[in-house]
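Colleague: Basically the numbering used here = 1-based index in the sequence shown + 1261. For each residue, glycine too, the CB sits at the ideal point set by N, CA and C. The structure under discussion is supplied below as structure tokens; questions concerning it will follow.
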Amino acid sequence: MTFKTKSYLDSLIAKFYGKQSSFITAILNNDTSSAKKLAFELYKDHPAYLLFFCCINRDENRQIVLNLLGRSKQIDPHLLYSLLNSKSYTYDDLKAFIGNFKSGSFIDRCIEKAAFLKKHEPYRGTKPENGSFDSDGISCELNKLLDGIDDFQLYKFAIENSIEITKRSSSNYLWYMLIKGCNIGDTSKEAAKELILRTTSFQEIKRILSYYRVEEVGDDRYDIIIRYLSNGFSTDLLRQAFALLSKDQSFITVKIVLALLIASKNENLVVLALYLSQKYHFETNYEIALVNLHLCRYFLLLKQLL
């Protein structure tokens, strides 16, 4: 494409689609100077373009963004959230805009969370000797935040700074209790058991066991999973799993049986896994169908069939 042709196409885009498309063209051409100019021109009616530009050029445009914010009475909430999560801006840079959003929407709660973490970032993991870390006040503020947005980043902050969280019913709270208990030498047994019973993910159960080694949780299905993840495949476990399947054809039971059949690496048992993955369907979960797809692919690639 010649320079004249390119310029002509750019002018056509600008004429028919306006500054928004010109901005996209500038980004695709790596023309940051033009993209920046257009982003600021579009800010009043279309703040998302400045948000996008800041996301890809955060450090280089810090002072420009601060100057713009200094002249603004309000800020797009998505832009504020992005800036709060950037290491380029301090809490003092942005505090004038924090608290302006009271609609109770999800982005408002995300802003409150990000502002809290940004505000207390200098003290994370330490308690300054000058007493500037008000643990009681922060604990109250943190618990109030968790009432609106149950985010694990807040629990992580509590763990790092030995802050107590009021009891909650969420899985994030159980993870908080599990990790906190391991850090202070507590057993965390009950938290580990409850977390295991709340998931059907083998990977997550394995992660839970890495914090606290639970032998059993009082549910035959999950006890088989724990023994399988701890000791690997055995024919005894497979027999127990099939005994469960004869009484319970739930998703987690079928998943256990399939996992053990495939883990056996026995061709006849893997064929049986293919049959079972075709037999059982769960409308609310795609995992068994995905296992069936992978098994079909495996058998189609066998040398005997090629």
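How is the alpha helix (DSSP H) around HIS1555 delimited, first residue to last?
Modeller: Its alpha helix (DSSP H) spans residues 1548-1561.
Colleague: Going by other Cβ atoms of all chains shown within 10 Å of its Cβ, with 16 needed for buried, is SER1507 buried or exposed?
Modeller: So SER1507 counts as exposed.
Colleague: Here's a check: name, in chain order, each residue in its chain whose Cβ is nearer than 7 angstroms to the Cβ of ILE1457, leaving out the five neighbours to either side.
Modeller: Within the same chain, ILE1457 has close Cβ partners ILE1466, ILE1469, VAL1475, VAL1478, TYR1483.
Colleague: Between TYR1310 and ALA1300, what straight-line distance do the alpha-carbon atoms span, to the nearest angstrom?
Modeller: When rounded, the distance between both Cα atoms is 5 angstroms.
Colleague: State the DSSP-derived secondary structure class of ASP1509, mapped to helix, strand or coil.
Modeller: Coil, per DSSP.
Colleague: Kindly list the residues whose CB is nearer than 8 angstroms to the CB of ASP1411, restricted to its own chain and excluding five residues on each side of it in sequence; keep chain order.
Modeller: So the list reads ARG1429, SER1431, ASN1433, TYR1434, once near-sequence residues are dropped.
Colleague: With three or more beta-carbon pairs closer than 8 angstroms as the criterion, would you say the region 1332-1339 touches the region 1352-1372?
Modeller: The region 1332-1339 is in contact with the region 1352-1372.
Colleague: Using a Cβ-Cβ cut-off of 6 angstroms (strictly less than) and excluding sequence neighbours within five positions of VAL1552, which residues of its own chain qualify?
Modeller: Cβ within range, chain order: LEU1519, SER1538.
Colleague: Based on Cα-Cα distance, which residue from GLN1281, TYR1489, TYR1352 lies nearest to SER1525?
Modeller: Answer by Cα proximity: TYR1489.
Colleague: Hey, how far is the Cα of ASN1422 from the Cα of ASN1361?
Modeller: Each residue's alpha carbon lies about 28 angstroms from the other.
Colleague: What is the rounded straight-line gap between the Cα of SER1349 and the Cα of VAL1326?
Modeller: One C-alpha to the other measures close to 11 angstroms.
Colleague: Assuming ALA1502 and ILE1517 form a contact by the criterion Cβ under 8 angstroms, report the distance between their Cβ atoms to the nearest whole angstrom.
Modeller: That belief holds up - the Cβ atoms of ALA1502 and ILE1517 are roughly 5 angstroms apart, short of 8 angstroms.
Colleague: Contact check, PHE1413 vs TRP1436 under 8 angstroms by CB: the rounded distance?
Modeller: Yes, PHE1413 and TRP1436 are in contact; Cβ-Cβ is about 7 angstroms, under 8 angstroms.
Colleague: For HIS1555 and THR1514, I'd like the C-alpha separation in whole angstroms.
Modeller: So the alpha carbons of these two residues sit roughly 19 angstroms apart.
Colleague: Using beta carbons (cut-off 8 angstroms, strictly below), is LEU1530 in contact with chain D?
Modeller: Among the protein chains of the structure shown there is no chain D, as only one such chain exists.
Colleague: SER1449 and TYR1472 look like a contact to me (Cβ under 8 angstroms); what is the Cβ gap, rounded to whole Å?
Modeller: The pair is a contact, with the Cβ atoms about 7 angstroms apart (cut-off 8 angstroms).
Colleague: Could you give the C-beta distance for LEU1535 and PHE1560, rounded to a whole number, given that I count them as a contact under 8 angstroms?
Modeller: Indeed they touch by this definition, with Cβ atoms about 7 angstroms apart.
Colleague: Are the Cβ atoms of GLU1570 and LYS1280 separated by less than 8 angstroms?
Modeller: Outside the displayed range of the chain (1262 to 1567) lies residue 1570, so it cannot be described from this structure.
Colleague: In terms of alpha-carbon separation, which member of ASP1408, LYS1374, ILE1420, TYR1352 lies closest to SER1396?
Modeller: When each option's Cα is compared against that of SER1396, the closest is ILE1420.
Colleague: Do GLU1382 and LEU1406 have their C-beta atoms within less than 8 angstroms of each other?
Modeller: No. Outside cutoff.
Colleague: Here's the rule: buried if 16 or more other CB atoms are within 10 angstroms of the residue's CB, otherwise exposed. What is PHE1547?
Modeller: Here residue 1547 turns out to be Tyr, not Phe, going by the sequence shown. So TYR1547 ends up on the exposed side.
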